[in-house]
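So the sequence lines, in the order shown, correspond to chains Z and H.
When you number the first sequence by this note's numbering, it's gap-free, plus one each residue, and the end is 278.
When you number the second sequence by this note's numbering, it's gap-free, plus one each residue, and the end is 278.
From the three backbone atoms N, C-alpha and C, an ideal C-beta is built for every residue, glycine too.
What you are looking at is a predicted structure, and each value in this text was computed from that prediction instead of being measured.
Protein chains: 2
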Amino acid sequence: MANHSDLDILGRTELFHGMPSAMLVEIQAAGFRKKLASGEILFQQGDSASSLFVVIAGRLRATQTTLDGQQIIIRYLAPGETAGHTTLTRGVVHPSTVTAVDDSHLIGWSSDTIRKIMEQHSAVAMNALAVLAARYHEIQIRLLELSTEKVEQRIGHTVLRLANQAGRRTARGVEIAFPLSRQDLAEMAGTTLHTVSRILSRWEDLGIVDCGRRQVVLCKPHALMAISDEQA
Amino acid sequence: MANHSDLDILGRTELFHGMPSAMLVEIQAAGFRKKLASGEILFQQGDSASSLFVVIAGRLRATQTTLDGQQIIIRYLAPGETAGHTTLTRGVVHPSTVTAVDDSHLIGWSSDTIRKIMEQHSAVAMNALAVLAARYHEIQIRLLELSTEKVEQRIGHTVLRLANQAGRRTARGVEIAFPLSRQDLAEMAGTTLHTVSRILSRWEDLGIVDCGRRQVVLCKPHALMAISDEQA
DNA sequence: CGGACTTTTGAAGTAATTCAAGGGGAGTGG
DNA sequence: CCACTCCCCTTGAATTACTTCAAAAGTCCG
Chain Z
47 MANHSDLDIL GRTELFHGMP SAMLVEIQAA GFRKKLASGE ILFQQGDSAS
97 SLFVVIAGRL RATQTTLDGQ QIIIRYLAPG ETAGHTTLTR GVVHPSTVTA
147 VDDSHLIGWS SDTIRKIMEQ HSAVAMNALA VLAARYHEIQ IRLLELSTEK
197 VEQRIGHTVL RLANQAGRRT ARGVEIAFPL SRQDLAEMAG TTLHTVSRIL
247 SRWEDLGIVD CGRRQVVLCK PHALMAISDE QA
Chain H
47 MANHSDLDIL GRTELFHGMP SAMLVEIQAA GFRKKLASGE ILFQQGDSAS
97 SLFVVIAGRL RATQTTLDGQ QIIIRYLAPG ETAGHTTLTR GVVHPSTVTA
147 VDDSHLIGWS SDTIRKIMEQ HSAVAMNALA VLAARYHEIQ IRLLELSTEK
197 VEQRIGHTVL RLANQAGRRT ARGVEIAFPL SRQDLAEMAG TTLHTVSRIL
247 SRWEDLGIVD CGRRQVVLCK PHALMAISDE QA
């Protein structure tokens, strides 16, 4: 039965949505399952890119590290999303490390397999193009933010994005549905944990957010949007 | 004869390399030519993405602008490269503006046409995936640089990248083969023209570069690499 | 209850921006 | 051909937003 529900989910992923179920069966049969406990690594920056994965359940984080050990968070991956698209290009290595931040369940395909699937089913290839284009667009926006905005606005946009992607409505407001430290936010917004802490404290005084240890709840999204879109 | 040489070039673009020439003829016939004088705009941020282009000759620049008019340069496009890949996703708008910085010659395909080509020829779709993956990787590196490096290193990496992409060997060193103002460099490195000017002056004193009005010649690449990779 | 993380907050320091003013090249038009 | 104008570039000085340094206070877990 696990198989059956996997199929349902597979049909709703960004990569395979819209595919007839016969094909999904075939696709699933060609892949392999992978389970990761929170904290385990799916693949590492510099590993040769040999498999492409789709997240079935859980949550993962893609990071990039400099030679001297500084890290940035590229993005968080939710169920339905794709990890390791570098695999689609021959002979390259993963540019980022992907780590589970929650117990996670994925399905993977070897480079050859996924390429064969795409060659036979152009709809999958077209989906992949759309996925990559969306990611590209996303990161382009972050580049723009990082280049033109002040820290407070950047942190604001980061929180708003996370609330959108991984928000859970609660009595207090929209809660970001996974543990998120000040350091994590800093690595996404391109700043330090100190600055994040200070700014979050200020917002807390204004009643805009409500945060705890590795937790952020967004109480007044509109107020935060106002701050984030404010022109210098 | 122009047709013939276009074909040659088309077969060496990132999108169509490796395709048999019969197919190239077909692909070219399905597209349309577009000429732009220096300064003319190919498409603008926010325009609906209706065509995809390949640069045959010339040079273009992709930029993104904020609501309050601040601009960043996403990248420069050389012959063989692809513009407007957003067109591959249905119902979206161009995230950036593309402008010719030199008289340029392109071939374009409507959204429907290029999708049809990709559906029929999976090799083109796979090329497109490789192109997008490469762009993504590229921009990811810039995000890392922007987040972790100091201005001098960022400018250094920017100049090194440009020298690589568009360098022309001359007696003085490697000359960046298109007009590049301090403002342009600033918009690529995420800083101000003042800072770029100061740092370029310093490098000039050290004999690392030699620059003029809208011109940069890299004389000592290794020295610049040393500066750029220096750890804080 | 000890110990390891995570967070907070002040104070000092600094890299880079902003402000301000002037200089120089390239092209235009008289 | 010279003068004028428009850009582009340079360089000091003042300002500031943010980081770095430092220390202490919470908070969770075994």
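C-alpha distance - residue i paired with residue j, whole-angstrom precision
{"i": "H/G104", "j": "Z/R136", "result": "29 Å"}
{"i": "Z/T237", "j": "Z/V197", "result": "7 Å"}
{"i": "Z/D93", "j": "Z/D158", "result": "17 Å"}
{"i": "H/A48", "j": "H/V100", "result": "Unreliable placement is indicated for H/A48, whose pLDDT of 48 sits below 50; the coordinate value is still reported in the next sentence. Going by the C-alpha atoms only, they are around 16 Å apart."}
{"i": "H/W249", "j": "H/I87", "result": "34 Å"}
{"i": "Z/L98", "j": "H/T241", "result": "42 Å"}
{"i": "H/Q229", "j": "Z/A179", "result": "28 Å"}
{"i": "H/R260", "j": "Z/I201", "result": "35 Å"}
{"i": "Z/H63", "j": "H/T132", "result": "19 Å"}
{"i": "Z/L231", "j": "Z/K266", "result": "18 Å"}
{"i": "H/D54", "j": "Z/I102", "result": "45 Å"}
{"i": "H/I118", "j": "Z/D52", "result": "43 Å"}
{"i": "H/N210", "j": "H/T145", "result": "21 Å"}
{"i": "H/L152", "j": "H/L226", "result": "22 Å"}
{"i": "Z/S243", "j": "Z/M271", "result": "19 Å"}
{"i": "H/G258", "j": "H/Q199", "result": "21 Å"}
{"i": "H/K80", "j": "H/E233", "result": "27 Å"}
{"i": "Z/L252", "j": "H/E221", "result": "53 Å"}
{"i": "Z/I245", "j": "Z/A269", "result": "14 Å"}
{"i": "Z/R214", "j": "Z/I254", "result": "16 Å"}
{"i": "Z/F89", "j": "H/G85", "result": "44 Å"}
{"i": "Z/S168", "j": "Z/Q277", "result": "44 Å"}
{"i": "Z/Q166", "j": "Z/A76", "result": "13 Å"}
Assigned exposure category for residue i - 16 Cβ within 10 Å defines buried
{"i": "H/I273", "result": "buried"}
{"i": "Z/D114", "result": "exposed"}
{"i": "H/S247", "result": "exposed"}
{"i": "H/F224", "result": "buried"}
{"i": "H/A174", "result": "buried"}
{"i": "H/A129", "result": "buried"}
{"i": "Z/F34", "result": "The structure shown does not extend to residue 34 of chain Z, since chain Z is modelled only from 47 to 278, so the question has no answer here."}
{"i": "Z/M172", "result": "buried"}
{"i": "H/A83", "result": "exposed"}
{"i": "Z/G154", "result": "buried"}
{"i": "Z/L134", "result": "buried"}
{"i": "H/M65", "result": "buried"}
{"i": "Z/V170", "result": "buried"}
{"i": "Z/V139", "result": "exposed"}
{"i": "Z/L190", "result": "buried"}
{"i": "Z/E127", "result": "buried"}
Presumed contact (8 Å Cβ cut-off) between residue i and residue j, rounded CB distance
{"i": "H/A212", "j": "H/Y122", "result": "7 Å"}
{"i": "H/Q91", "j": "H/P125", "result": "With a Cβ gap of about 23 Å, H/Q91 and H/P125 do not count as contacting."}
{"i": "Z/V263", "j": "Z/T216", "result": "7 Å"}
{"i": "Z/Q74", "j": "Z/L61", "result": "Not really, about 12 Å apart at Cβ, beyond 8 Å."}
{"i": "H/R107", "j": "H/V147", "result": "5 Å"}
{"i": "H/Q116", "j": "Z/T194", "result": "4 Å"}
{"i": "H/D275", "j": "H/G219", "result": "Actually they do not touch by this definition, with Cβ atoms about 19 Å apart."}
{"i": "Z/S96", "j": "Z/S156", "result": "6 Å"}
{"i": "H/L192", "j": "Z/L192", "result": "5 Å"}
{"i": "H/T143", "j": "H/T111", "result": "7 Å"}
Give a yes or no on contact between the stretch 200-213 of chain Z and the stretch 146-165 of chain Z, applying the rule of three or more CB pairs nearer than 8 Å.
-> Judged by Cβ distances under 8 Å, the stretch 200-213 of chain Z makes no contact with the stretch 146-165 of chain Z, as fewer than three pairs qualify.
Residues in the stretch 105-125 of chain Z with C-beta within 8 Å of chain H's C-beta atoms, listed in sequence order?
-> Those would be Q110, T112, L113, D114, Q116, I118, I120, in chain order.
Selection of the stretch 224-257 of chain H by Cβ proximity to chain Z, strictly under 7 Å | G236
At least 3 beta-carbon pairs within less than 8 Å: the stretch 183-193 of chain Z vs the stretch 54-71 of chain Z = Contact annotation: the stretch 183-193 of chain Z does not touch the stretch 54-71 of chain Z, with fewer than three C-beta pairs closer than 8 Å.
Residues in the stretch 182-215 of chain Z having any Cβ partner in chain H nearer than 7 Å | Y182, H183, I185, Q186, R188, L189, L190, L192, S193, T194
Using Cβ-Cβ distances below 8 Å, what residues of the stretch 58-77 of chain Z are close to chain H?
-> none
Cβ-based contacts, 8 Å cut-off: residues of the stretch 170-182 of chain Z near chain H = A171, M172, A174, L175, A176, L178, A179, A180, R181, Y182
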